[in-house]
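Protein chains: 2
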Amino acid sequence: MTKTIAYVLYPGLTALDLVGPLTVTAALGPEFETVVVARDLEPIDSDAALRLAATTTFADLTDPYCVVVPGGTIGTLAACADEELLDWLRAVSATAEVMASVCTGSLILGAAGLLEGRPATTHWGFRDLLPRFGAVPSTERWVDDGDVVTAAGVSAGIDMALHLARRFAGEDAARAAQLVIEYDPEPPLGPIDWEAADLPSYQPIMREVVRTALADHPDLLARLTG
Amino acid sequence: MTKTIAYVLYPGLTALDLVGPLTVTAALGPEFETVVVARDLEPIDSDAALRLAATTTFADLTDPYCVVVPGGTIGTLAACADEELLDWLRAVSATAEVMASVCTGSLILGAAGLLEGRPATTHWGFRDLLPRFGAVPSTERWVDDGDVVTAAGVSAGIDMALHLARRFAGEDAARAAQLVIEYDPEPPLGPIDWEAADLPSYQPIMREVVRTALADHPDLLARLTG
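If you read the protein sequences in the order shown, they are chains A and B.
Going by UniProt numbering, the residue at position 153 of the first sequence is 153; the numbering climbs one at a time, nothing skipped.
Going by UniProt numbering, the residue at position 194 of the second sequence is 194; the numbering climbs one at a time, nothing skipped.
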């Protein structure tokens, strides 16, 4: 039976969080089917100048093998209060092999109650919010906790997807997917210099994202900022 | 004046070729505007289970600062025979600071006549086609030849975009974009082992892509395979 790997699409997401891992798992063999799932098939705005449209709906997809929830900023925090999305995630998590996230997508998994007591990661700018959902924050690039797998910010979804490809389909299949997408990174300025990066300067921006996104959801806002 | 960085959308492209660099340049400051340009604003199918829609049209965008042409397989070869697209690329190249490509997007630049005598790169599986357009093939991850900048396959677009970010906006801006997308790669199986990869086994697949895509364009097919 074909195993469905489903990428969740919602308004305002960061497109690379979805497209990076999707391109990896789409290169796996016919045992796996990659789909994009949303409330409906209408194009939605991402957080950049690009609109994306799903190929199936929450109503039509009841038994995914793996679900990947991408992140973003305001749109993602708003999605943490989207009960229809959270209900669907809770429902499919009962039978899915893996519930996964990229970047702040882990906050959506947390809002669905799927990270209680679990090690997890997210974008560095929002890591302090994970404990608000009962998760144990990690600074790893991805965290495999069995049926919950989370990735760090944005581009980390590609690394996580190659890990999932290896876990689901074996090392040869993962290597083939890596070759097809020619993932042989050469960041022109080298890896991130975490010591030199002024992370605290971003904190006011991140806090404002949370406040703006959840202005109409005082309970969740209090849970995250109180 | 705002400088527009335009990503070209066409049917069958590989979404990551577009979304990777777009996410980088979208993180630059307000001096730059990132748009996605296509014939019209209707969603089009990518080569995976995801539909994408543009934010502007060829008719409405006449003076981009930088154009990025993503690649793919059958859809990209077919686009090499799309005279409307090629005419637009030739027209805007007259004033653009940079005409760029990711993966086999360089074949589209080549079909537009923009690679004559220029060093360029593409996806490893299609590198032998570059000389058919007068280009000098390179195995670098990206090649900056002034007003033409090309990247290797799929994920190489992220590295190229960080290079362009540094060139256009300076090193600090490029570092900030890299931090925002948390591009600190950790491929779980390490970098690609090019010695171990069985590249020749992919050649029949690549040739079939060209034949299938250009079945209705015998002149271009002969140019690429004769």
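Where is the CB? At the ideal position from N, CA and C, for every residue including glycine.
A quick note: this is a predicted structure, and the numbers were derived from the prediction, not measured.
Could you name the residues of the same chain whose beta carbon sits closer than 6 Å to that of residue i, not counting the 5 residues immediately before and after it, in chain order?
{"i": "residue 160 of chain A", "result": "142, 151"}
{"i": "residue 55 of chain B", "result": "35, 36"}
{"i": "residue 105 of chain A", "result": "69, 70, 71"}
{"i": "residue 91 of chain B", "result": "none"}
{"i": "residue 88 of chain B", "result": "58"}
{"i": "residue 149 of chain B", "result": "98, 100"}
Can you tell me whether residue i is buried or exposed? The criterion is at least 16 other CB atoms within 10 Å of its CB, across all chains shown.
{"i": "residue 216 of chain A", "result": "exposed"}
{"i": "residue 172 of chain B", "result": "exposed"}
{"i": "residue 82 of chain B", "result": "buried"}
{"i": "residue 96 of chain B", "result": "buried"}
{"i": "residue 184 of chain A", "result": "buried"}
{"i": "residue 194 of chain A", "result": "exposed"}
{"i": "residue 199 of chain B", "result": "exposed"}
{"i": "residue 131 of chain A", "result": "exposed"}
{"i": "residue 187 of chain B", "result": "buried"}
{"i": "residue 64 of chain B", "result": "buried"}
{"i": "residue 59 of chain A", "result": "exposed"}
For my contact list, residue i and residue j are in at a C-beta cut-off of 8 Å; report their separation, rounded to the angstrom.
{"i": "residue 71 of chain B", "j": "residue 11 of chain B", "result": "Wrong, their Cβ atoms sit about 13 Å apart, outside the cutoff."}
{"i": "residue 154 of chain A", "j": "residue 182 of chain B", "result": "5 Å"}
{"i": "residue 147 of chain A", "j": "residue 102 of chain A", "result": "Contact doesn't hold; Cβ gap of about 17 Å is too wide."}
{"i": "residue 41 of chain A", "j": "residue 57 of chain A", "result": "7 Å"}
{"i": "residue 33 of chain A", "j": "residue 2 of chain A", "result": "5 Å"}
{"i": "residue 43 of chain A", "j": "residue 43 of chain B", "result": "5 Å"}
{"i": "residue 19 of chain A", "j": "residue 19 of chain B", "result": "4 Å"}
Which bits of chain C does residue i rub up against, with CB to CB less than 9 Å?
{"i": "residue 62 of chain B", "result": "Absence of chain C from the displayed structure is noted, the protein chains being A and B."}
What separation, rounded to the nearest whole angstrom, lies between the Cα atoms of residue i and residue j?
{"i": "residue 13 of chain A", "j": "residue 7 of chain B", "result": "19 Å"}
{"i": "residue 197 of chain B", "j": "residue 125 of chain B", "result": "12 Å"}
{"i": "residue 108 of chain B", "j": "residue 123 of chain B", "result": "13 Å"}
{"i": "residue 206 of chain A", "j": "residue 157 of chain A", "result": "20 Å"}
{"i": "residue 121 of chain A", "j": "residue 100 of chain A", "result": "11 Å"}
{"i": "residue 111 of chain A", "j": "residue 30 of chain A", "result": "33 Å"}
{"i": "residue 140 of chain A", "j": "residue 119 of chain A", "result": "10 Å"}
{"i": "residue 94 of chain A", "j": "residue 177 of chain A", "result": "29 Å"}
{"i": "residue 67 of chain A", "j": "residue 26 of chain B", "result": "27 Å"}
{"i": "residue 128 of chain A", "j": "residue 80 of chain A", "result": "16 Å"}
{"i": "residue 134 of chain B", "j": "residue 113 of chain B", "result": "8 Å"}
{"i": "residue 9 of chain A", "j": "residue 38 of chain A", "result": "5 Å"}
{"i": "residue 17 of chain B", "j": "residue 4 of chain A", "result": "23 Å"}
{"i": "residue 168 of chain A", "j": "residue 28 of chain A", "result": "9 Å"}
{"i": "residue 138 of chain B", "j": "residue 116 of chain B", "result": "14 Å"}
{"i": "residue 85 of chain A", "j": "residue 78 of chain A", "result": "11 Å"}
{"i": "residue 201 of chain B", "j": "residue 213 of chain B", "result": "20 Å"}
{"i": "residue 170 of chain A", "j": "residue 179 of chain A", "result": "15 Å"}
{"i": "residue 192 of chain B", "j": "residue 219 of chain A", "result": "47 Å"}
{"i": "residue 189 of chain B", "j": "residue 189 of chain A", "result": "22 Å"}
Residues bridged to residue i by DSSP?
{"i": "residue 144 of chain A", "result": "A:149"}
{"i": "residue 45 of chain A", "result": "A:51"}
{"i": "residue 66 of chain B", "result": "B:5, B:98"}
{"i": "residue 33 of chain A", "result": "A:4"}
{"i": "residue 72 of chain A", "result": "A:13"}
{"i": "residue 57 of chain B", "result": "B:38"}
{"i": "residue 119 of chain A", "result": "A:136"}
If I measure Cβ to Cβ from residue i and keep anything under 7 Å in the same chain, skipping five residues before and after, which residues do I get?
{"i": "residue 15 of chain B", "result": "46, 48, 50, 52"}
{"i": "residue 144 of chain B", "result": "163"}
{"i": "residue 23 of chain B", "result": "181"}
I'd like the list of long-range same chain contacts for residue i, defined as Cβ closer than 8 Å, with 5 residues on each side in sequence excluded.
{"i": "residue 211 of chain A", "result": "221, 225"}
{"i": "residue 166 of chain A", "result": "173, 174"}
{"i": "residue 203 of chain B", "result": "125"}
{"i": "residue 223 of chain B", "result": "132"}
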